[in-house]
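J.:
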Amino acid sequence: MSELFSLAKAYEKYFKIGSAVSSFGLSAYHGLLLEHFNSLTPENEMKYDLTEPAEGQFEFARADAIVAMAREMGVKVRAHAPVWHNQTPAWMYRDGDSPASPELIYARIDSHSKAMCQRYNGDVYAWDVVNEATRDDPWDAAKAPDESPVYRNSEYYRLCGTGFIEAAFRSMARYAAPDAQLFYNDYNECMPKKRDRIVSLIRNLQEKGCRVDGMGMQQHYFAAPDYDELKRSIEIYAGLGLRIHVTELDVSMMATLNRGEKRLKPGDPGFEEYVREALRATPEKLDKINEIYIKLFEVYRSYADVIDCVTTWGVADDRTWLDGFGMNQNMPRIKQHPLLFDENRQPKPCVRQLLDAVKE
Ligand code: GLA
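Residue numbers for the sequence shown follow our numbering, so the first one is 69 and each next one is one higher.
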């Protein structure tokens, strides 16, 4: 492929084009990563459970492999999601037979942050310091009086309240290279109620004097995007003084269904037939995914003054976390075709259109 055929190069004056990749995908996607991307996110390799599986015992080999790829690409890494309610080892929350005290948890987060920064400062330009700490469902005061209307009722939250979020940002501000930016990252971030919770979380951090540089908008699409809400959300987050990264963009086949259409869930009668039909990759639905990408990028470009990076969650459709996602366990996995490159790792039509859209 010629130099001209590079998303990253074509979009240089707008924002970086990133991809999440796992250490297992590095050889398969080597060519595409070099050609089209100028930011790299480890899919799992910098999460807590893989980097510090036992307290004080760090394992860096898999994260190192991602960093080595980034160096080969001549780019830096978006380090992803150390402090998160998932993929965190059970020891974090325990002190022998008792629950860990907030102070112990903060000390653990601090030493983890220090170790990660000592190893990767210089290779990392942005950290997703805390991931997904707001709640999804509306708070029901009668049913869950002890829960928060804003925060996810995670083990971290139950033990520390909001303190773990502040501790994570404070530690990162202490140890991260001064030019690396500190992000809060979340999903369903354009849904007005969830967005309000995210805004409260960020305001709380700012009021407590914690440095937050950016908002990571995950942008996983399971429903057709509401482009007006997307624009409003970018403006709201940027209005908090934050830079914006799109951190986990993908467009599930489910996003091609009509908005508001009744959807069956795993376990509902008739679910398997429903989901098989919903995910059937017809040419019309594949076109629709293309069209969604074109429109999303149109919006992103129009906010290039505040958006610094757009990252897809994976490189190509041959391997993505959505294979089998949302299906009954016994069902054969159905592909959802959510990325910019197809199962044969070839650019989809939208890649050409995204390039044409920015041709001088
Ligand atoms: C979330 C996390 C990611 C990843 C995806 C699904 O969005 O932030 O790290 O686990 O889910 O794979």
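C-beta: ideal position from N, C-alpha, C; glycine also.
Looking only at its chain, what residues have a beta carbon closer than 8 Å to the beta carbon of D424, apart from the 5 residues adjacent to it on each side?
T.: Taken in chain order, the list of residues that qualify is empty.
J.: Report yes if the C-beta of A149 is less than 6 Å from at least one heavy atom of the ligand GLA; otherwise report no.
T.: Yes, Cβ of A149 sits closer than 6 Å to a heavy atom of the ligand GLA.
J.: How about the stretch 345 to 363 and the stretch 166 to 179: do they share at least three Cβ pairs that are nearer than 8 Å?
T.: Touching, no.
J.: Assign Y283 to one of three DSSP states: helix, strand, or coil.
T.: Residue identity check: residue 283 is Met in the sequence provided, not Tyr. M283: strand per DSSP, three-state reduction.
J.: Looking at the ligand GLA, does it come within less than 6 Å of Q186, judged from the CB to the closest heavy atom?
T.: Not under cutoff, so the answer is no.
J.: Alpha carbon to alpha carbon, what distance is there between F126 and N412?
T.: Computed Cα separation, rounded: 36 Å.
J.: List in chain order: all unbroken beta strand (DSSP E) runs of 3+ residues lying wholly within the stretch 357 to 420.
T.: 375 to 380, all fully within the stretch 357 to 420.
J.: Does the Cβ of E71 have 16 or more other Cβ atoms within 10 Å, making it buried, or fewer, making it exposed?
T.: With a pLDDT of only 43 at E71, under 50, the local geometry of the prediction cannot be trusted, and the value read off the model is given with reservation. Classification for E71: exposed.
J.: Does the beta-carbon of N199, which I'm using as the reference point, lie nearer than 6 Å to any heavy atom of the ligand GLA?
T.: Yes, the ligand GLA has a heavy atom inside 6 Å of this Cβ.
J.: Would the beta-carbon of Q404 be found less than 6 Å away from any heavy atom of the ligand GLA?
T.: The answer is no for Q404.
J.: With distances taken between CB atoms, is the gap from R146 to A201 smaller than 7 Å?
T.: Cβ distance not < 7 Å, so R146 and A201 don't count as in contact.
J.: On the three-state DSSP scale, how would you describe V135?
T.: Residue state, collapsed to three classes: helix.
J.: Based on DSSP bridge pairs, tell me the residues matched to D318.
T.: Its beta-bridge partners are H288.
J.: Using only the alpha-carbon positions, how far apart do M69 and R226 sit?
T.: Residue placement at M69 cannot be trusted, given a pLDDT of 43 that sits under 50; what the coordinates show is reported in the next sentence. Between M69 and R226, the C-alpha separation is close to 52 Å.
J.: With a threshold of 6 Å on Cβ separation, who are the neighbours of D196 within its own chain once the five nearest residues in sequence on each side are excluded?
T.: Here the set comprises H148, A149, F251, N253 and G284.
J.: Considering only residues of the same chain and omitting the five flanking positions on each side of E257, which have a CB-CB separation below 7 Å?
T.: Counting only Cβ-Cβ distances below 7 Å, and skipping sequence neighbours, we find R263, I266, M285, Q286 and S301.
J.: Once DSSP output is grouped into helix, strand and coil, what is the label at I85?
T.: Strand.
J.: In chain order, what residues of the same chain lie with their CB nearer than 6 Å to the CB of R369, ignoring the 5 residues before and after it?
T.: If we look at R369 and ignore the five residues flanking it on each side, its Cβ neighbours are Y82.
J.: Quick one: Cα of P217 to Cα of G229, how far?
T.: Going by the C-alpha atoms only, they are around 12 Å apart.
J.: Classify F290: buried if its beta carbon has 16 or more other beta carbons within 10 angstroms, exposed otherwise.
T.: Buried, by the Cβ-count rule.
J.: Give me, in chain order, the residues of the same chain whose beta-carbon lies closer than 6 Å to that of S181; leave out the 5 immediate sequence neighbours on both sides.
T.: Counting only Cβ-Cβ distances below 6 Å, and skipping sequence neighbours, we find S239, M240 and Y243.
J.: Go to L101, then tell me how far its alpha helix (DSSP H) extends in each direction, as first and last residue.
T.: Segment H98 to H104, the alpha helix (DSSP H) holding L101.
J.: Considering R242, what are the terminal residues of the alpha helix (DSSP H) in which it resides?
T.: G231 to Y243 is the extent of the alpha helix (DSSP H) around R242.
J.: Are G382 and T388 touching if we call contact CB-CB under 7 Å?
T.: Yes, the pair counts as a contact, with Cβ atoms nearer than the cut-off.
J.: The ligand GLA heavy atoms versus the CB of W389: any closer than 6 Å?
T.: At least one heavy atom of the ligand GLA is nearer than 6 Å to the Cβ of W389, so yes.
J.: So for R162, helix, strand or coil by DSSP?
T.: The answer is strand: DSSP assigns R162 an E or B state.
J.: Quick check on DSSP: helix, strand or coil for R187?
T.: R187 falls in the helix class under three-state DSSP.
J.: Using CA atoms only, rank isn't needed, just tell me which of L325, R176, V89 and G93 is closest to T380.
T.: If we check each option's Cα against that of T380, V89 comes out closest.
J.: Excluding the five sequence neighbours on either side, which residues of its own chain have a C-beta within less than 6 Å of the C-beta of N398, listed in chain order?
T.: There are no such residues.
J.: Does the stretch 333 to 341 come close enough to the stretch 298 to 312 that 3 or more CB-CB pairs lie under 8 Å?
T.: Judged by Cβ distances under 8 Å, the stretch 298 to 312 makes no contact with the stretch 333 to 341, as fewer than three pairs qualify.
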